[in-house]
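Numbered by our numbering, the letters in the sequence shown go through residues 145 to 274 in order. Here a beta-carbon is modelled for each residue, glycine too, at the ideal position from N, C-alpha and C. Computed from a predicted model, the values in this text were never measured in an experiment. Structure first, commentary second.
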Amino acid sequence: MRQKLLVLLLITGMLAQSLSQFTIYVSYYANRQYITNKYCINKNKPTLHCLGKCHLKTVFTENEKQEKGQLPGSLPMQEWWQHAGNLFCCAYALCLTEPLLFLARAMQHRFIFYYGYSLVNSFFHPPQHA
């Protein structure tokens with residue numbers, strides 16, 4: 145029962161977040177006349193056919209700022225790549241090179257006899273001119 149309730153709450157929360165712009169559009173179209181009369185900047189210029197879209201734009205920018213402000217610890221892309229590069233370099237230097245070299249030296253004698261090499265010359269030759 146608790147799991148179903150938790151799943152329902154999570155799905156409802158995800159839908160509410162993803163449909164936030166849709167709800168703004170619906171409320172705009174439902175109250176277009178009121179928004180045009182009360183909030184429209186261009187109501188003195190009817191040739192622009194604004195109909196409150198200027199207010200809709202400000203609502204969208206405020207919503208976008210609010211959503212960006214909710215991300216905890218968000219880094220700009222350039223800083224994120226720097227951190228990822230540092231982590232990769234550290235992982236490569238510490239985890240990959242020394243243990244693999246040690247393992248390769250310790251296991252080298254096992255694989256010497258099982259490895260065979262023969263060059264296929266039929267594929268790797270210059271073209272024959274007639």
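query, result
"Three Cβ pairs or more, each shorter than 8 Å: is that satisfied between the region 196-208 and the region 157-171?", "yes"
"Could you say which of Q147, C184 and Y178 lies nearest to K202 if we only look at CA atoms?", "Residue 202 is actually Thr in this sequence, not Lys. Looking at the Cα atoms, C184 is the closest of the given residues."
"Once you ignore the five residues that flank K187 on each side, which residues in its own chain have a CB closer than 8 Å to its CB?", "T180, N181 and C194"
"Among residues of its own chain, excluding the 5 on either side of L200, which ones have a beta-carbon nearer than 7 Å to its beta-carbon?", "Y172"
"Go ahead and label G213 buried or exposed: buried means 16 or more other beta carbons lie within 10 angstroms of its beta carbon, across all protein chains shown.", "exposed"
"State yes or no: is the C-beta of G157 within less than 8 Å of the C-beta of R176?", "no"
"What residue does the alpha helix (DSSP H) around Q177 start on, and which one ends it?", "R176 to Y183"
"Secondary structure at H273, three-state DSSP: helix, strand or coil?", "coil"
"Where does N207 fall in DSSP's three states?", "helix"
"With 8 Å as the threshold, decide whether the Cβ of P190 is near any Cβ in chain C.", "Looking for chain C here will not work: only one protein chain is present."
"What are the boundary residues of the alpha helix (DSSP H) that L154 is part of?", "R146 to S162"
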